[in-house]
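Heads up: the structure comes next, in structure tokens.
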């Protein structure tokens, strides 16, 4: 079956728009990058390291995440967790997501009955 490049691009855009919410939702407890990558993949959220790490740095620079280094192991790891601002934003973003998905579901339901 041949993939439609327009559909592929639209799906990529849709996923890109939701990755921030996905990442923030998994940082209520501290995680280091690779463990976060594994958690997301285990939950069927496809994200690559070269997408995740810049996103983490951007969210930290926006004040939504705080980070700390754990040097107790042989390999130092940078842990990320939600800041207070990040917790508040996650709550607001999740509410906006629920509202938008409800509205879209209503539109799609109307379409299927048309």
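Residue numbers (UniProt numbering): 1 to 114.
C-beta atoms are modelled at their ideal positions from N, C-alpha and C, and glycine is treated no differently.
Residues 24 of the same chain have their beta carbon placed closer than 6 Å to that of residue 90, with the five preceding and five following residues left out of the count. Contact check for residue 86 against residue 64 passes: the beta carbons are separated by less than 8 Å.
Rounded to whole angstroms, the gap between the alpha carbons of residue 68 and residue 31 is 10 Å. Around the C-beta of residue 10, fewer than 16 other C-beta atoms lie within 10 Å, and the residue is accordingly described as exposed. In the three-state reduction of the DSSP assignment, residue 26 falls in the coil class. Under DSSP, residue 77 shares a beta bridge with 70. Residue 82 and residue 2 have their C-alpha atoms some 41 Å from each other. Shown here, residue 65 sits in a strand according to DSSP, grouped into three states.
Bridge pairing for residue 31: 80 [DSSP].
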